[in-house]
Every structure is written in structure tokens, then in C-alpha cells.
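Okay, structure first, notes after.
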Amino acid sequence: MAERFRRRAADPLHWGSNPHPGSIGDYMGIRSSDVKEAIGDLIKVISVLRRTSPDHRMSESQKEEIIKYLDSARSRLEKVREGLKS
Amino acid sequence: MKIPKERLEKYKGLRRDFAEEEYINLQPIQRGGILTEEAMRAILEFGDGYSTCDWCPPKTARLDMITNPPIQDFYKDLAEFLGMDVARVVTRCREAKFIAFKMLGRPGDYVVLDSTAHYSSYIAAELADMRVKEVPNSGPPEFRVDLNEYATKIEEVKEECGRLPAVILLTHVDYLYGNLNDAKIVGKIARDYGVPFILNCAYTAGVMPVDGKELGADIITSSGHKSWAASAPTGILAFNRSLEGKLATRSKIEGDLTKRKFGAKELAMLGCTVMGAPLITLMASFPEVVSRVERWGEEIEKVRYLVSELERIEGVRQLGIRPKLHTLTHMETEGFYKISLAHKRKGYFLYDELRERKIVGIQPGLTKHFKFNTYGLTWDQIRYVRDAFFDIAKKYGLSVS
Numbered sequence: 093m094a095e096r097f098r099r100r101a102a103d104p105l106h107w108g109s110n111p112h113p114g115s116i117g118d119y120m121g122i123r124s125s126d127v128k129e130a131i132g133d134l135i136k137v138i139s140v141l142r143r144t145s146p147d148h149r150m151s152e153s154q155k156e157e158i159i160k161y162l163d164s165a166r167s168r169l170e171k172v173r174e175g176l177k178s
Numbered sequence: 097m098k099i100p101k102e103r104l105e106k107y108k109g110l111r112r113d114f115a116e117e118e119y120i121n122l123q124p125i126q127r128g129g130i131l132t133e134e135a136m137r138a139i140l141e142f143g144d145g146y147s148t149c150d151w152c153p154p155k156t157a158r159l160d161m162i163t164n165p166p167i168q169d170f171y172k173d174l175a176e177f178l179g180m181d182v183a184r185v186v187t188r189c190r191e192a193k194f195i196a197f198k199m200l201g202r203p204g205d206y207v208v209l210d211s212t213a214h215y216s217s218y219i220a221a222e223l224a225d226m227r228v229k230e231v232p233n234s235g236p237p238e239f240r241v242d243l244n245e246y247a248t249k250i251e252e253v254k255e256e257c258g259r260l261p262a263v264i265l266l267t268h269v270d271y272l273y274g275n276l277n278d279a280k281i282v283g284k285i286a287r288d289y290g291v292p293f294i295l296n297c298a299y300t301a302g303v304m305p306v307d308g309k310e311l312g313a314d315i316i317t318s319s320g321h322k323s324w325a326a327s328a329p330t331g332i333l334a335f336n337r338s339l340e341g342k343l344a345t346r347s348k349i350e351g352d353l354t355k356r357k358f359g360a361k362e363l364a365m366l367g368c369t370v371m372g373a374p375l376i377t378l379m380a381s382f383p384e385v386v387s388r389v390e391r392w393g394e395e396i397e398k399v400r401y402l403v404s405e406l407e408r409i410e411g412v413r414q415l416g417i418r419p420k421l422h423t424l425t426h427m428e429t430e431g432f433y434k435i436s437l438a439h440k441r442k443g444y445f446l447y448d449e450l451r452e453r454k455i456v457g458i459q460p461g462l463t464k465h466f467k468f469n470t471y472g473l474t475w476d477q478i479r480y481v482r483d484a485f486f487d488i489a490k491k492y493g494l495s496v497s
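And the structure:
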């Protein structure tokens, strides 16, 4: 099993998703997964917009839902921004 | 050949005019294919070309042998969900039908099919060098297929050719009127005659419960982009183990010079079928699809409500079997047609009025008849559509009871 992981870590095909330190995903402290998670949050926002189209009359809970996703996206993107400085 | 840069500009920043976030889209073929959040996210991971094939096993290099992402498990779960033994993802429902025809029939054989079948069922038969024998329907206003007539048509084929049809096909819900056919009746006839039975579930599997075993189907075909919240092109071919030898038979060809063979490849699938983004959206949406079919009852409530409301408008009535058993609906709208005759935009006025109210999907130019699909709309959106039609009717002097 350990050998399999070692080979996978050395395989350039998997660098993007590799959690091992020193892989390309950690370069300059940026994690691509943070960017993707932020996009995931925004997809959730789109999903609410789809359920409320075309007039987007939202209940209070739907508005709260959107704010929660926007906050989450902002915080993840902030981490990416911080990563650029490190 | 070099293409001038300015000509390439139009391919940049592609945008859809009718984004689901901005419009209510009633297009009959689009409602069941709207992506789930998981599917949209999965495209980010697996949108690149052959990205699903990172871990393709070298010794058994075939799509259904890939375990990461879990394609192999997905095929098994897909078959089980449909009450079948084996499933393959192909490019489209029509390809699934063609494969079934090609592998089960011989040139000149007959396919017995319902007279409300989609054109692609006919073309698939034609490409497989087969003939068709149609089972009649009752005509207006119900267009109900006489399912017991399948036995008569099988007898006709037997009389004419001295052998049974190669297959019989029933369209579970037709694309014209959204009539749901009782597949069990045809399943029993197929069993009695020993003829393989294809149930075309393009509009049913993925949105409503479908159990092939219970319905007596030997083969189920379906459409991922029509009913499984997947990107196009995705089709489903699911079948019983007894047909595996024919439908999933392996390649036997050998190069005369190189002696190369491809024995791991399934012949009718031409090796691997759909990989990348379409397949991954189908997989990513699968948990939601499994869950959403349980809510089919509410979808029927919504469409029946909308139909009953629209029928309050002068000259509007639903065609097809009543009450509705599916969300695809065909309306006859004589009142709107009369208005169109005097309108400067003729038949396009209704489309214009709806579009102005952020509703699309009714075919432009149609006012005498049109189709829509309410699948997946919220109650608020259903009421919004009703109000828009009432508003248009009143604007042009049609009475609303």
C-alpha cells in the first residue's frame, strides 16, 4: 500500500490532487482545492437562483442560505490571497 | 488552414441566452436534464478530455473496468436502480436502441413499435436494416396506444415473414402527448411470444420510478441529458443477463498483418463509450436522481394543477390521456391561435409575450398547439407560469373562468 502511495506521489498525473507536502498543489502556499471549494459555494448560490427564477423573490431562509455561501466563498478566496503572500 | 482571429472571437466567452437562473424554461426535452450542484462541481474536476481515464486498468482497458472514479460501481448501481442486470452508458438513447436492434436482429427483420415512438426509433431500425410495424393509437384527443394490438402486430409479422419480429419496442412516455403507457401489458405479450422487449424510457427513467423487472422489460433505454440531470451526450442501455451474450459480445476481429486482437472490447460499444464530462455528470447526479424519483407524486400534482388552471382560459384544453401521469404536456390552444391570426407578429406573439415575462421553451411560432414540461419547477414557478398565461390571455381579451 505504502509503495502504491509513493508511486502515486511521484506521478505527475496526480500532482494537482496530491495531498503530499511538496507537491505542486502546495506551491507558494496556494491550494487549488480552496479555489474549487469557493466555486462550489458559488454553484450553490446559482442553485438557489435557479430555484427562484425568474423574479428571485426569496424567503428569509433562502437569503440567509445565499449569504452563508457567499461568506464561505469569500473566506476560501481570502486563504488563496493569503497564500500568494507567503 | 489559418482562420482569421476576428472570426474566432465569437467562440470566446460563450453565454447562453436563456440561463436557468434568469428564465423559466418549459422546453419539454430540457427539464429533466438540468444539472445538479454535484454535477456542476464534477465538471470542474473531470471536464478535461480523458480525465476519467487516469486509472484505466492496462490489462482490461475498458470504461466499465475503471474503479477510480467509481465507474465500475456506477454501472452496477445503475443496473440495479433500473431493475436490470447489466448497464452501459452510451452516447444517446437512440444509440442504445440502435445497438439493441443491430445485435438482436438480422437485416429485413421487423421491429414492432408504438405509433407515437420518437423518430429516432425508426431511424435506428433503418440503420440496422430492419423494418417497422406500427401499433396504432386512438387519435385525437387522447392518442392512446392500443397496447393489446402488439399481439396482433406480432401475428401479422409472423404471417408475413414466417418468423417472429426480432424485437418489440414500447415508448414508455411518448414525446408528443406525454402519455404513460402501461409497460406490463406489453411485457406480458413479449414474454408470451418469446420476443425481446425494449422499453424506451427516455422520458421516464431518471425522473420517475422505473423497475424493468416489474414491467417485464428485457432492455431499457434511456437518455441522461433528457432525464438524469446529466450533460449531453449520455444514453443508457440496460439489459437482462440473458441478453448479455448478444449485447455485450466481445470483439473477435484480428489484423491480417499484425495479428492484433481486441478481445477485451465490447463490439457494440465500439470499445469505450462515453467518458469525461458527460459520464461524470451522470454519475455525480445519480444520488439526487435516486432520491428525486421518490418525489414523482408531487411532480404530477404540479402538472395537474397547472393544466387545470390553464384550461380556465378560453379555448384551451389538454390533449393526451387525462388526468396527466407525466409532466410532459400537450395543449391545444384555439384561443391563442385566433389572436395570432390578427396579430402583426402572427404565431410568434405568444412566444414574445412569454419571453417578455421571462418564460421560454414554448416553440416560437406555435399558438394552436404547444408542448411544455413542468418537471422540477417549484410551486412558486408553477404559479408564476399560470399568472403569465392569465395575464397574456386577459391582455388579448380571452376570458379566464
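Those sequence lines, one after another, are chains A and B.
Residue numbers for the first sequence follow our numbering, so the first one is 93 and each next one is one higher.
Residue numbers for the second sequence follow our numbering, so the first one is 97 and each next one is one higher.
Glycine included, every Cβ here is placed at the ideal spot set by N, Cα and C.
Given the structure is predicted, the values throughout are model-derived calculations rather than measurements.
- H148 (chain A) is classed as exposed because its beta carbon has fewer than 16 other beta carbons within 10 Å across all chains shown.
- Within chain B, the residues E133 have their CB atoms less than 7 Å from the CB of S139 (chain A), given in chain order.
- Pairing I376 (chain B) with A138 (chain B) gives a Cβ-Cβ distance under 7 Å.
- With contacts defined by Cβ atoms closer than 7 Å, S387 (chain B) and G128 (chain B) do not form a contacting pair.
- For M136 (chain B), the enclosing alpha helix (DSSP H) covers residues 133-142.
- Listed along chain A are S145, P146, D147, each with a C-beta nearer than 9 Å to that of K454 (chain B).
- For L366 (chain B), no Cβ of chain A is located within less than 7 Å of the residue's own Cβ.
- Taking a C-beta distance under 7 Å as the contact criterion, I281 (chain B) and L339 (chain B) do not qualify as a contact pair.
- In the DSSP assignment, no residue is bridged to I158 (chain A).
- Rounded to the nearest angstrom, the Cβ distance from I294 (chain B) to T317 (chain B) is 6 Å, consistent with a contact under 8 Å.
- For the region 132-162 of chain B, the beta-carbon criterion of a distance under 7 Å to any beta-carbon of chain A is satisfied by E133, M136, R137, L140, D150.
- According to DSSP, residue pairing for D210 (chain B) in a beta bridge involves B:V231.
- In terms of Cβ geometry, F432 (chain B) and T474 (chain B) do not form a close pair [threshold 7 Å].
- Shown here, I130 (chain B) sits in coil according to DSSP, grouped into three states, outside any helix or strand.
- In this structure, F194 (chain B) sits near A220 (chain B), with a CB-CB distance shorter than 7 Å.
- Neighbours of R142 (chain A) across chain B, judged by C-beta separation under 7 Å: E116, E117.
- For A192 (chain B), the closest C-alpha among the options B:L265, B:I162, B:S497 is that of B:L265.
- Against chain A, the CB of I458 (chain B) has no partner CB under 7 Å away; the residue lies outside that interface.
- The beta carbon of T423 (chain B) does not come within 7 Å of any beta carbon belonging to chain A, so the residue lies off that interface.
- Ranked by Cα distance from R188 (chain B), the options B:Y146, B:S327, B:K284 are led by B:S327.
- By the 16-neighbour rule on beta-carbons within 10 angstroms, C368 (chain B) is buried.
- Annotated three-state conformation of Q477 (chain B) is helix, per DSSP.
- With fewer than 16 other beta carbons inside 10 angstroms of its own, P154 (chain B) counts as exposed.
- For V186 (chain B), the enclosing beta strand (DSSP E) stretches over residues 182-186.
- N164 (chain B) sits exposed, since fewer than 16 C-beta atoms from the chains shown fall within 10 Å of its C-beta.
- Leaving aside the five residues that flank C297 (chain B) on each side, the residues in its chain whose CB is nearer than 6 Å to its CB run, in chain order, H268, V306, I316, S318.
- Three or more Cβ pairs closer than 8 Å define a contact, and the region 393-402 of chain B falls short of that threshold against the region 347-355 of chain B.
- In this structure, L424 (chain B) places its C-beta atom within 7 Å of the C-beta atom of G274 (chain B).
- With a contact defined as Cβ atoms closer than 8 Å, T132 (chain B) and E384 (chain B) qualify at about 5 Å.
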